[in-house]
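For what it's worth, the numbering used here labels the leading residue of the sequence shown as 52, then goes sequentially.
Each residue gets a CB set at the ideal place from its N, CA and C atoms; glycine is no exception.
Let me begin by presenting the structure, written as structure tokens, before commenting on it.
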Amino acid sequence: METRRRSLTALVPVLAGLVAPSALADSLVSANDQALATLAARYDRQFHTFNARRFGLGLDAFIPVDADRALVRAFLDQTATDDFDAFAGKSVEDVVASWDEHGDLGMFGGVPAAADAFRYVVAKREGAADAELLAARAALLDAIAAFHVYANITGTPGAIARGIGTDLDVVEAPEPPLAACPNPWERANTWRTDASGEHPSYLWNDNTSKDQLLGYAFALGAFWDAVANDPDVSDLVREQLRADARALGSLLMTAREVAPGESLDLVITDGDGCPTRFHDLNPREVIRDGPSLVLSTTSSSRNGFNALAALGIVRTLVHVSGDEELARYYYDELVTARAYPSLITSGLGRLRQMYANACVLGECVVTNFSNVNMAFVAVYGLLRYESRAELRESYRAAMASDLWDTGRPHDGMAVQQAFFNVIWAGLKAGAADSAAADTAAAQLLAFPAPPFFDEAAINCDDDEIALGSCLAVDGVTVLTLDSVPARGGGVAAVDPVPMHVRPPSNFSWRSDPRVVNGLGSSRLNPGGCFRGAYWLGRLLERSTNNDGNLSPFARDPTVAGEGEGEGEGEGEGEGEGEGDGEGDGEGEGEGDGEGDGEGEGEQPSVPACGCASDGAGGSVHPSLAWMALAALVVACARSRAARVRRRRSLLPGIAHVG
């Protein structure tokens with residue numbers, strides 16, 4: 052049995068304040084903040100004792116019995132022992148009725164796995180005590196091992212699963228291998244048995260998507276930086292990381308048929324080579340209910356979100372693998388020949404189009420915060436690992452104009468989410484943004500002290516909702532309600548709900564931060580959102596020049612003489628060119644029921660107003676993604692403005708779009 056029931060991380064606490072404060076003053080999130088460091092230690096302790104108990108990746112843990120929930124709280128309140136089984140007189144498995152989120156582990160598991168890598172780097176850098184360093188290394192190696200299963204269990208190295216689970220955890224009966232590739236638009240997530248012959252205790256969920264791939268790549272890059280030159284980690288671990296990155300890169304370079312007579316690279320596939328439902332990383336592909344629409348190489352409708360995602364993933368794979376062929380593909384093909392960097396910030400479908408908040412004639416478009424999370428994860432891979440200075444400046448400009456400060460609703464500067472803040476603060480052009488970093492630290496400190504249960508939070512009753520304003524559960528905070536519903540439905544505030552009264556989420560950075568009410572459940576949230584933001588904030592420095600936050604292992608394998616472990620390498624290669632993007636196209640929504648996880652959602656139809664074309668001579672297809680719809684709704688609204696005003700049907704909020 053490969054399940055790791057007792058990680059060393061559950062036996063050794065992560066103690067705050069072991070290093071002299073003077074040595075810790077320069078990180079974005081300072082270890083001198085003892086209250087925050089203590090809170091982070093408690094989140095680490097909960098995560099590795101309960102949520103990562105099964106195999107090293109964080110899961111939702113459901114604890115339905117009140118007495119057991121009280122026992123978990125009592126355990127976290129004391130520090131005499133880190134052995135829950137000994138403390139409680141019963142095992143973790145006795146109190147946790149079930150674990151969940153096995154089927155969406157790329158992003159959901161990837162961010163907290165990266166947090167374990169960041170924590171280990173910080174512990175080494177700051178001279179942590181041996182016990183703390185041992186615990187951090189054990190947690191990291193557990194996560195690396197689990198993601199190695201994730202990348203190989205499909206039977207084709209690099210064809211990553213959507214999720215994995217042990218045969219004790221997955222209740223669905225696995226189905227046999229595909230006899231032939233189904234149509235991508237007809238696919239559903241399906242559990243299957245190990246196809247590698249190496250992991251018989253695990254099942255895997257197929258039909259992975261780009262959010263899973265982005266989260267996995269985020270973790271992979273963090274893993275590499277943590278172990279690249281560590282003598283206490285086996286060479287076998289580094290060889291596996293390189294091999295997994297190289298295999299994934301090779302698959303992404305391979306062209307696949309996505310429509311009759313139309314083949315593209317940057318297609319996500321399962322181990323059998325079949326494209327998944329949301330397989331598109333190529334900016335030319337438009338996913339729909341039917342064969343994909345493949346745009347021309349000069350179309351003004353190419354997808355800026357996909358350009359960013361593809362660049363971020365491939366550059367991270369180059370960083371880890373050091374593979375020259377993959378590096379040439381990135382620099383010569385994606386950057387130069389196809390000019391992907393320019394697609395991020397130009398045209399109808401530039402990246403900023405994903406920010407939207409409007410209803411027109413019954414059609415509503417709302418920011419998909421999963422897309423925002425994915426975009427920040429993707430840009431991190433570019434700004435942390437890109438060794439060519441001129442490209443870094445291009446990506447920094449794109450982050451500033453199309454992610455952080457866009458003048459549109461819900462952008463990074465508007466929502467002030469801690470995870471996004473630390474990426475912006477530590478990787479923007481010039482000096483670190485101290486104000487953004489301080490806001491991130493304050494938001495993290497407002498998280499509830501673990502155990503992080505999914506407690507009910509009803510800020511607004513029906514009468515208050517009808518009035519459009521309510522007093523939050525703290526009796527102080529006034530929430531002004533938006534006429535536009537939350538992503539996935541429900542009541543939303545105009546501004547993000549402060550963290551201390553915000554309904555809990557199992558992954559805050561991909562949830563709509565404006566949701567005012569949550570019904571609660573028996574779920575013990577893993578807190579991976581907190582851990583990812585906190586440990587990244589501790590990793591990145593509060594620098595006067597953010598080139599100081601470039602990975603110490605950033606390299607360009609195409610430059611002769613630049614070897615592993617070297618610092619910045621300069622070179623030519625920034626591509627210029629014209630091109631517009633359509634938008635994400637994944638259409639993912641918040642999960643319902645017990646979890647806040649993601650699920651591919653319905654894509655809205657485009658109002659038939661004739662306001663735009665796809666840039667390739669045809670009309671916009673009705674299944675284009677949320678970002679494109681946002682732009683089209685705004686354009687249509689403007690063209691109909693007089694009639695709409697006469698009918699008094701233009702809802703408040705449209706002025707914030709466009």
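How about residue i and residue j: are their beta carbons less than 8 Å apart?
i, j, result
"A196", "G322", "no"
"A480", "A451", "yes"
"A584", "R565", "no"
"G458", "F471", "no"
"D331", "R403", "no"
"I114", "S573", "yes"
"W275", "L292", "yes"
"F101", "A112", "yes"
"G272", "R606", "no"
"A268", "T367", "yes"
"S727", "L399", "Residue 727 falls outside the range modelled here, since the chain spans only 52 to 709, and no answer is possible."
"D424", "W560", "First, the residue type needs correcting, since residue 424 is Asn and not Asp in the sequence shown. Contact flag set, yes."
"F558", "G579", "yes"
"L346", "R339", "no"
"D134", "V143", "no"
"A246", "T205", "yes"
"V369", "L385", "no"
Label residue i either buried or exposed according to how many other C-beta atoms from any shown protein chain fall within 10 Å of its C-beta, with 16 as the threshold for buried.
i, result
"P228", "exposed"
"A76", "Because the pLDDT of A76 is 48, which lies under 50, any placement of that residue in the model is unreliable, and the number read from its coordinates should be weighed accordingly. Counting Cβ neighbours within 10 Å, A76 comes out exposed, since fewer than 16 surround it."
"T348", "exposed"
"K261", "buried"
"E633", "Low confidence applies to E633: its pLDDT is 36, below 50, so where it sits in the model is not reliable enough to give any reading."
"D518", "It should be pointed out that residue 518 corresponds to Leu in this sequence rather than to Asp. It counts as exposed."
"A82", "buried"
"Q97", "buried"
"P577", "buried"
"E249", "exposed"
"A358", "buried"
"Q85", "exposed"
"R124", "exposed"
"N596", "exposed"
"T130", "exposed"
"P251", "exposed"
Output needed for residue i: all residues of its chain with C-beta closer than 6 Å, excluding positions within five of it in sequence on either side, in chain order.
i, result
"P225", "W242, R243, T244 and L254"
"A488", "L79 and A476"
"A202", "I211 and D295"
"N258", "R213, R238, N240, T327 and R328"
"Y431", "I474"
"R582", "Y94, P163 and A166"
"G363", "A429, G432 and L433"
"L192", "none"
"Q468", "W560"
"A148", "F113 and P115"
"V146", "I114 and D119"
Thinking residue i and residue j are a contact (beta carbons under 8 Å), I'd like their distance in whole angstroms, please.
i, j, result
"G154", "N280", "Not a contact, Cβ separation roughly 35 Å."
"F159", "G266", "7 Å"
"S301", "R307", "That belief does not hold up - the Cβ atoms of S301 and R307 are roughly 13 Å apart, past 8 Å."
"A168", "A277", "4 Å"
"A378", "T609", "5 Å"
"V535", "A448", "Contact doesn't hold; Cβ gap of about 30 Å is too wide."
"G355", "I395", "5 Å"
"D151", "L110", "6 Å"
"V466", "C511", "Going by Cβ atoms, the distance from V466 to C511 rounds to 20 Å, so no, they are not a contact pair."
"P710", "A537", "The structure shown does not extend to residue 710, since the chain is modelled only from 52 through 709, so no value can be given for it."
"V173", "W586", "7 Å"
"I516", "L532", "7 Å"
"L90", "A500", "6 Å"
At a cut-off of 7 Å, is residue i close to the ligand GTP when judged by its beta-carbon and the heavy atoms of the ligand?
i, result
"A270", "In the structure on display, the ligand GTP does not appear, and there are no ligands present to speak of."
Quick one: residues in its chain with C-beta nearer than 8 Å to the C-beta of residue i, no 5 flanking neighbours on either side, listed in chain order?
i, result
"P549", "A497, A523 and T528"
"A270", "G160, G161, V162, A164, A165, A168, A194 and F198"
"P311", "P342"
With a CB to CB cut of under 7 Å and the five nearest residues on each side skipped, what residues in its chain are close to residue i?
i, result
"R207", "Contrary to the premise, residue 207 reads as Thr rather than Arg in this sequence. Hits under 7 Å: G322."
"D525", "H551 and V552"
"G599", "E592"
Taking Cβ positions only, does residue i come closer than 8 Å to chain B?
i, result
"G160", "The structure shown contains no chain B; it is built from a single protein chain."
Report task. Counting only runs of 3+ residues fully inside the stretch 182 to 255, write out the beta strand (DSSP E) ranges in chain order. Result -> 214 to 217 and 242 to 244
**Report entry** alpha helix (DSSP H) runs wholly inside the stretch 129 to 181, at least 4 long, in chain order
**Finding:** 135 to 139, 143 to 146 and 156 to 176
**Report entry** Every unbroken beta strand (DSSP E) within the stretch 341 to 379, with a cutoff of 3 residues, ordered by chain
**Finding:** 341 to 345
Query raised in the report: In chain order, which continuous runs of the alpha helix (DSSP H) of length 4 or greater are located wholly inside the stretch 546 to 590?
Result: 579 to 590
Requested in this report: Could you name each continuous alpha helix (DSSP H) segment of 4 residues or more that falls completely within the stretch 486 to 545, going from the start of the chain to the end?
Outcome: Counting only runs of 4 or more, we get 513 to 518.
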